[in-house]
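Residue numbers (the working numbering), protein chains in the order written: chain H, 659 to 779; chain F, 253 to 481; chain R, 51 to 432.
Shown next, in structure tokens, is the structure this report addresses.
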Amino acid sequence: MTLREAPHIRRSTWALSLLALLFVALVAALGHSWLAVTAAKAPLQDDRSPTYLTRALGLTDLALFTEARYTRHPAMADLFTPFQDAPLSMEHFPAGSLVSPPPHLPATGTLKVETAHGERR
Amino acid sequence: MIEVENVSRVYNEGRPNEVRALNDVTLRIPDHAVTVLKGPSGSGKTTLLSLIGCLARPTSGRILLDGEIISALPEHFMAKMRRERFGFVFQRFHLIRGLSVVDNVMLPAYPAAPDYRELRERAMAALRRLRLEHRAGMKVELLSGGETQRVAIARALINDPEWVLADEPTANLDSALVEQLLEEIRMLKADGKSLVITTHDPRIIDSDVVDVVAEMRDGKITSVTEVER
Amino acid sequence: MFHWLARQRYLMDYTLAAMWRRKWRNLVLLVVFTLVVFLLASVSFFGSAVRFEAKRALKFAPEVMVQNLVLGRHALAPADWVDKLKGIRGTRNVRGRLWGYFYDQGNGANYTVMVADGSDPSLAVAPDEVIVGAGVARVREVEKLRNLLLLRPDGKLFKLRAKRILSDDSALLTHDLVLLSEADFREFFNLPRDAGFTDIALEVRNRREVATIANKISQRLPNARVVTREDILRTYENVFSWREGVLQAMLAASLAAFAIFAFDKASGLSAEERREIGILKALGWDTSDILAMKLWEGALLALFAFLIGAVAAYAHVFLFQAGVLAPVLKGWAVLYPQAPLTPQIDRLQLVTLAMLTIVPFIAATLVPVWKAAITDPEVVMR
Chain H
659 MTLREAPHIR
669 RSTWALSLLA
679 LLFVALVAAL
689 GHSWLAVTAA
699 KAPLQDDRSP
709 TYLTRALGLT
719 DLALFTEARY
729 TRHPAMADLF
739 TPFQDAPLSM
749 EHFPAGSLVS
759 PPPHLPATGT
769 LKVETAHGER
779 R
Chain F
253 MIEVENVSRV
263 YNEGRPNEVR
273 ALNDVTLRIP
283 DHAVTVLKGP
293 SGSGKTTLLS
303 LIGCLARPTS
313 GRILLDGEII
323 SALPEHFMAK
333 MRRERFGFVF
343 QRFHLIRGLS
353 VVDNVMLPAY
363 PAAPDYRELR
373 ERAMAALRRL
383 RLEHRAGMKV
393 ELLSGGETQR
403 VAIARALIND
413 PEWVLADEPT
423 ANLDSALVEQ
433 LLEEIRMLKA
443 DGKSLVITTH
453 DPRIIDSDVV
463 DVVAEMRDGK
473 ITSVTEVER
Chain R
51 MFHWLARQRY
61 LMDYTLAAMW
71 RRKWRNLVLL
81 VVFTLVVFLL
91 ASVSFFGSAV
101 RFEAKRALKF
111 APEVMVQNLV
121 LGRHALAPAD
131 WVDKLKGIRG
141 TRNVRGRLWG
151 YFYDQGNGAN
161 YTVMVADGSD
171 PSLAVAPDEV
181 IVGAGVARVR
191 EVEKLRNLLL
201 LRPDGKLFKL
211 RAKRILSDDS
221 ALLTHDLVLL
231 SEADFREFFN
241 LPRDAGFTDI
251 ALEVRNRREV
261 ATIANKISQR
271 LPNARVVTRE
281 DILRTYENVF
291 SWREGVLQAM
301 LAASLAAFAI
311 FAFDKASGLS
321 AEERREIGIL
331 KALGWDTSDI
341 LAMKLWEGAL
351 LALFAFLIGA
361 VAAYAHVFLF
371 QAGVLAPVLK
381 GWAVLYPQAP
391 LTPQIDRLQL
401 VTLAMLTIVP
411 FIAATLVPVW
421 KAAITDPEVV
431 MR
């Protein structure tokens, strides 16, 4: 096949077009993110919105990890909640490794516990 | 005109395997002519060709192109020289495998970044002259020996250089193809190109296209013959 | 400038043609590289979106929570604490909260059972009624059955009429909730009237007084632990940061491995590649042309990997609910929120990721490529 039959497209044209397309997609994602975040920041007062429910029900935590109580309510948890059943039991819930203990704990007199198990976190 | 003045080239200088490839060579190469560097292998003709073509610098001596010293240029300008003033046809052709014929022909023009369509037309025109238009889109490794050499010639011509340097161009060709090559040399000469060819092939040396024969042996020029016509 | 761009395009043409010769190898490299970027970006996007949601919603969490500690463990707060707290100047809206967990043996899910305090009519629950979160509704088919049966461990069955199902919009906070009336709650958990509350929430009249009030509470109720809204928000600022960090460190290590790989590849150029560089130089390419051409090879790969990875991660996390991460995040939980996350992304992290992907890859190849680029063109004559 000779190159005269079909118009020849340079390889760099392909590559640059693809890159441009991807770049536009990334910019679109950033734009989408910006719009959505701006919209989300406007206080929604309808009774289905998360902000409304938080206030009405006095919710303290995200319901991300329902498997254990210290992961369901990390803000309300103790450092040693994972060890409550037996002091030597390993903290074994998968989500437990995702949620770090609340940072406000040392101020409430559990300092000893923290030093004993602190290195685990 | 190219003037080679007292040029020596020493490889591995100062070491036990020191080789003196060229020893105090002086030579004038005329424009618009076909000059042959003749000699057995190891006579230094290829080394001389690479020094003329700015592929390397002489250990001592100097080379002038149209009165300007080209043998002591910084690398950047040496590259520019190779690109703009010289076209090379290597003994083993050295096409880039995996690329199409036309892409190979265009390669020497890439750094100058001309208009793409114009460059492509130029490449196609060069291929057309060498009867290779139908091979333009083919990968170079699929070509026959003669075709490969013609692609190498087309590539040497893409930047329209004044000088075409060919290293042992008949080394890989049979008789029929040598005839064809002589045709091409004639064509280049008719275009006003100046050619320098290294060879020990009598089919070239004794042909009617050759204007000057410089004979070399052991790194020295032993005789220079201007063919009378 | 224009000439420079035109030249780069030519060099790109060459590098693409050269890469095309080993397309499968390069494609596999691109796919793996993209995958690493995709995972890194997904984790980063997910983390920042969750932190954003937490910050947005928990801004309205109770200002101060008071817990009772017995033997160092969270225990029921005595009912008379409500009055004691009311007695502290500057507090208002002191209310005992009742909430707990219920493990549903039927499907292995954990519910958070809570008493709706009734201050809001749309969330008020009468006895025998229930409001459930979207996740509970889903696993128990509440929408279809219009009621929820809860089986107490001792075998007593509670049949509750579903008053409302909380929408998916709030699922990130509410999907495992079961809201009961106080009477039903106490009966269900066998909690006598005088047993007290799970904890006590209160508000502070003057925002700047929160720390002072928290101090006062600690003095008056030495056994109490006081958690302020600031503490809650800070908890979620840190959520994932630990594991995200480990994951990112691991993935960053694989990026480093890529850089080493690129370095190795660039420094171990094959004889064929060296010969090609020599040919190009003999044809009049400058050292800088060779250098730029070789750098494009890495740059194109890294650019494609970054852009595809980042865009795919965005789509993955915000359009497809982070399906790939879900098994990790879900752990053993049966209920998992299917709330669409607000696509808050950390732009700084994105830029860092771009730098991490592209720069080391190019930097690693720079020196070896330069070494190859200064190849003596005379080699082609030998």
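Glycine is no exception: its CB is placed at the ideal position from the N, C-alpha and C atoms.
Near chain F, meaning a CB-to-CB distance below 9 Å, the residues of the stretch 331-342 of chain R are Lys331, Ala332, Leu333, Gly334, Trp335, Asp336, Thr337, Ser338 and Asp339. The beta carbon of R:Val361 sits closer than 7 Å to some beta carbon of chain H. At a cut-off of 7 Å between C-beta atoms, R:Arg324 does not count as an interface residue with respect to chain F. In its chain, beyond the 5 residues on either side, Thr400, Gln401 and Ala404 have a beta carbon closer than 7 Å to the beta carbon of F:Phe345. Under the Cβ criterion of 7 Å, R:Ala67 is counted among the residues facing chain F.
Fully enclosed beta strand (DSSP E) runs of no fewer than 3 residues occupy 312-317 and 338-341 of the stretch 299-370 of chain F, in order along the chain. R:Ala107 and R:Lys206 have their C-alpha atoms spaced approximately 36 Å apart. The secondary-structure analysis by DSSP pairs F:Lys472 across a beta bridge with F:Arg469. Residue range Val260 to Arg270 is occupied by the alpha helix (DSSP H) that includes R:Asn265. In this structure, F:Val465 lies near F:Thr477, with their beta-carbon atoms less than 7 Å apart. Assignment of R:Gly156 by DSSP, reduced to helix, strand and coil, places it in the coil class. Look at R:Val86 here: in three-state DSSP terms it is helix. A distance of 7 Å or more separates the beta carbons of R:Ala221 and R:Leu385. Per DSSP, H:Thr729 is not a residue of any beta strand (DSSP E); the alpha helix (DSSP H) it occupies stretches across Arg727 to Arg730. Counting along the chain, F:Leu384 sits inside no beta strand (DSSP E), nor does DSSP assign it H or E at all.
Within the stretch 399-428 of chain F, the residues whose Cβ lies closer than 8 Å to any Cβ of chain R are, in chain order, Arg407, Asn411 and Asp419. Any Cβ of chain H closer than 7 Å to the Cβ of R:His53 would place that residue at the interface, and such an atom is absent. Of the other Cβ atoms in all chains shown, fewer than 16 fall within 10 Å of the Cβ of R:Met51; this residue is therefore exposed.
The three-state secondary structure of R:Asp204, taken from DSSP, is coil. Cβ-Cβ distances below 6 Å link R:Trp149 to Met164 and Thr248 in the same chain, with the five nearest sequence neighbours on each side left out; the list follows chain order. Restricting attention to F:Phe340, F:Arg381, F:Arg407 and F:His328, the CA atom closest to the CA of F:Asn356 is found in F:Arg407.
Taking 7 Å as the cut-off, the beta carbon of R:Leu126 is found no closer than this to the beta carbon of R:Gly295. Taking the CA atoms as reference points, R:Ala184 sits about 28 Å from R:Leu252.
In the three-state reduction of the DSSP assignment, R:Gln388 falls in the coil class, being assigned neither a helical nor a strand state. Considering only beta carbons, the part of the stretch 661-695 of chain H lying closer than 7 Å to chain R consists of Arg668, Arg669, Ser670, Ala673, Leu677, Leu680, Phe681, Ala683, Leu684, Ala687, His690, Ser691, Ala694 and Val695, in chain order. With contact defined as three or more Cβ pairs closer than 8 Å, the stretch 334-354 of chain R and the stretch 74-81 of chain R are in contact. Assigned with DSSP and collapsed to three states, H:Val682 falls in helix. The straight-line gap separating the alpha-carbon atoms of R:Lys136 and R:Val277 is approximately 17 Å. Secondary structure of F:Gly398 (DSSP, three-state): helix. When Cβ pairs closer than 8 Å are counted between the two stretches, the stretch 317-331 of chain R is seen not to touch the stretch 401-408 of chain R, the count staying below three.
Taking the C-beta atoms as reference points, F:Trp415 is found no nearer than 7 Å to F:Phe342. Residue-level contact check: R:Arg59 touches chain H, since one or more beta carbons of chain H fall below 7 Å from its beta carbon.
Cβ neighbours of F:Gly291 within its own chain (closer than 7 Å, five residues either side excluded): Lys297, His452, Glu467, Met468 and Arg469. In this chain, R:Trp335 is not harboured by any beta strand (DSSP E), its DSSP state being neither H nor E.
If you check each beta-carbon in the stretch 74-108 of chain R against every beta-carbon of chain H, the ones closer than 8 Å belong to Val100, Phe102, Glu103, Ala104, Arg106, Ala107 and Leu108. For the stretch 185-240 of chain R, the full-length beta strand (DSSP E) segments reaching 3 residues or more read 197-201, 207-215 and 227-230 along the chain.
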